[in-house]
């Protein structure tokens with residue numbers, strides 16, 4: 055995560071808004087932006103070259119709730135959510151598409167002020183950073199990639 059984060063910051067001009075640091079100080083997860091949203095792209099520790107999820111923005115909570123209803127109605131298994139994220143203050147719903155890729159449907163967050171220092175979460179805070187209400191991260195969420 056450290057290397058790809060530096061590439062996006064130094065070469066592509068993204069700004070770090072939030073990060074989750076391991077106890078030894080390396081980055082477990084980073085959130086970067088170019089459009090004043092909490093994040094336009096995020097990186098999470100995983101196997102080299104593995105894909106964790108793609109996220110799709112919805113305008114508001116009602117759209118997210120409708121997406122959850124549509125998933126449920128169509129028998130699409132929900133991986134997590136609807137839930138709130140501590141990091142980014144957004145709301146998310148995770149499900150898998152027929153090809154096995156994890157998708158997040160999300161909304162909310164805050165206006166990222168470029169003068170604000172990045173928010174840093176610790177490894178022990180990771181549960182609340184990722185799944186604020188639940189306070190823990192399901193191991194499958196961290197280990198299942200496509």
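Residue numbers (our numbering): 55 to 200.
Think of the CB as a built atom: it goes at the ideal place given N, C-alpha and C, for glycine as much as any other residue.
Start and end of the beta strand (DSSP E) containing residue 133? 132–138
Using 9 Å as the limit for Cβ to Cβ distance, is residue 160 near chain C? Of the chains in the structure shown, none is chain C; there is only one protein chain.
Please go through the same chain and pick out, in chain order, the residues whose beta-carbon is closer than 8 Å to the beta-carbon of residue 179, but skip the five residues on each side of it. 74, 140
Can you round the beta-carbon distance between residue 163 and residue 91 to whole angstroms, since I take them to be within the 8 Å contact cut? 6 Å
Residue 72 classed as buried or exposed, judged by whether at least 16 other C-beta atoms fall within 10 angstroms: buried
Of the residues 61, 68, 57, the one placed nearest residue 168, counting alpha carbons only: 68
Residue 189 classed as buried or exposed, judged by whether at least 16 other C-beta atoms fall within 10 angstroms: exposed
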